[in-house]
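Worksheet for the structure shown next.
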Amino acid sequence: MRKILVFLILSIVGLTFAFYINYQVQSGDTLYSISKGFGIPIPVILDWNPEVSPSSLKVGQKLKIPFVPGVMYKPVKTLTLSDLAKIFFIDPEEILAINPSIGSKVTAGKEVFVPLGKVNTSFTQLADYIWPAYGRISSEFGWRIHPIYNKTMFHTGIDITADTGNPVFASRSGVVKFAGWKSGYGNLIIIDHGSGIETYYAHLSKINVFVGLRVEKGDLIGRVGSTGTSTGPHVHFEVRIGSEANDPVAYLPRTNTYVMRRVLSE
Ligand SMILES: [Zn+2]
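For the sequence shown, counting from 1, position 264 maps to 264 in UniProt numbering; every step adds exactly one.
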């Protein structure tokens, strides 16, 4: 609680300061104990410390730990505050509260701290699944002419176009079954939700989870990229039931304010 107070006071005063502390790993520490001690989810710790894995954690190693759950985001193009909030599925006020001098625009290439605390509570109670990323569906589930192989192939998920570095959220709570490279998919996360249900998140630029990690719906599990067989930054998202690919759109919420709307004229 005290660290949050200090953080808020510093933001109000408007001092230039870092959004994190350097924590030196102590003997007996695990990612789980550090996460619990600071109240910061493991995927957030890994987003700040991409070189860290549960097995690589060493005594004396320095970790960046944010004061509150949140990540740094560097837009590839200048965004309005409202666009930025949509990308993170939060209210613009939550970003303003922590960046009082942010203004109405976020300049391309300039890092901004975005809090994640309410991603889980603001909209995720409404549906079993949430959209894994904010963007436009650029390719539907089903038969299509493959953009790279130029032949008719079955598309086992949907493609959501988004900028490199944009957050990718767990669509449902579950346990990470796969986190790593898989040909075609590039950097891929598979989450097991029980009862034979799995979700896939492909072409990521960054993976913030590891096999066996329990993740909650709305956790920031990775970042958008264009790894594997891909023509540009997007998330390829699949919902598999009993290993069979289903149309993800059938499971995703349609009525929430933050639900991405397809541009029907395109
Ligand atoms: Zn795809």
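Backbone N, C-alpha and C fix where the C-beta goes; we use that ideal spot for every residue, glycine too.
Pull up the distance between the alpha-carbon of residue i and that of residue j, whole angstroms please.
i	j	result
residue 236	residue 19	31 Å
residue 99	residue 32	29 Å
residue 62	residue 196	39 Å
residue 39	residue 21	14 Å
residue 160	residue 168	11 Å
residue 232	residue 47	22 Å
residue 210	residue 178	7 Å
residue 72	residue 165	10 Å
residue 191	residue 128	14 Å
residue 92	residue 130	19 Å
residue 82	residue 94	11 Å
residue 84	residue 70	14 Å
residue 101	residue 88	19 Å
residue 28	residue 146	50 Å
residue 120	residue 41	In this prediction, residue 120 has a pLDDT of 46, which is less than 50 and means its spatial position is unreliable; what the coordinates show is noted afterwards. One C-alpha to the other measures close to 12 Å.
residue 50	residue 250	34 Å
residue 52	residue 25	12 Å
residue 112	residue 64	16 Å
residue 246	residue 224	22 Å
Going by DSSP, what residue range makes up the beta strand (DSSP E) through residue i?
i	result
residue 131	First-last for residue 131: undefined, no H or E at that position.
residue 267	Missing from the structure shown is residue 267; the chain here goes from 1 to 266 and no further.
residue 145	142-145
residue 193	It is not in any beta strand (DSSP E) - residue 193 carries neither H nor E in the DSSP assignment.
residue 152	152-155
residue 68	Premise fails: residue 68 is in no beta strand (DSSP E) and is neither H nor E.
In this structure, how does DSSP classify residue i when only helix, strand and coil are distinguished?
i	result
residue 47	helix
residue 184	coil
residue 122	At residue 122, the pLDDT of 45 sits below 50, so the modelled position is not reliable; the number obtained from the coordinates is stated separately. Helix.
residue 41	coil
residue 53	coil
residue 270	With the chain covering 1 to 266 only, the question about residue 270 has no answer from this structure.
residue 217	coil
residue 238	strand
residue 251	coil
residue 92	helix
residue 281	The structure shown does not extend to residue 281, since the chain is modelled only from 1 to 266, so the question has no answer here.
residue 81	helix
residue 139	strand
residue 97	helix
residue 32	helix
residue 110	coil
residue 87	helix
residue 115	strand
residue 210	coil
residue 224	coil
residue 174	strand
Locate the alpha helix (DSSP H) running through residue i, then write down its first and last residues.
i	result
residue 200	Where residue 200 is concerned, there is no enclosing alpha helix (DSSP H), although the beta strand (DSSP E) it sits in stretches over 197-204.
residue 268	This structure cannot settle anything about residue 268, because the visible part of the chain is limited to 1 through 266.
Residue i and residue j look like a contact to me (Cβ under 8 Å); what is the Cβ gap, rounded to whole Å?
i	j	result
residue 142	residue 155	6 Å
residue 200	residue 242	Not quite, the Cβ-Cβ distance comes to about 14 Å (not below 8 Å), so this is no contact.
residue 239	residue 253	Not a contact, Cβ separation roughly 13 Å.
residue 108	residue 78	5 Å
residue 221	residue 43	5 Å
Exercise for the section: Take every Cβ of the region 182-191, pair it with every Cβ of the region 215-233, and state whether three or more of those distances are shorter than 8 Å. Expected result: yes
Handout entry: Inter-stretch contact (C-beta, 8 Å, three-pair minimum) for the region 155-173 and the region 208-219
Key = yes
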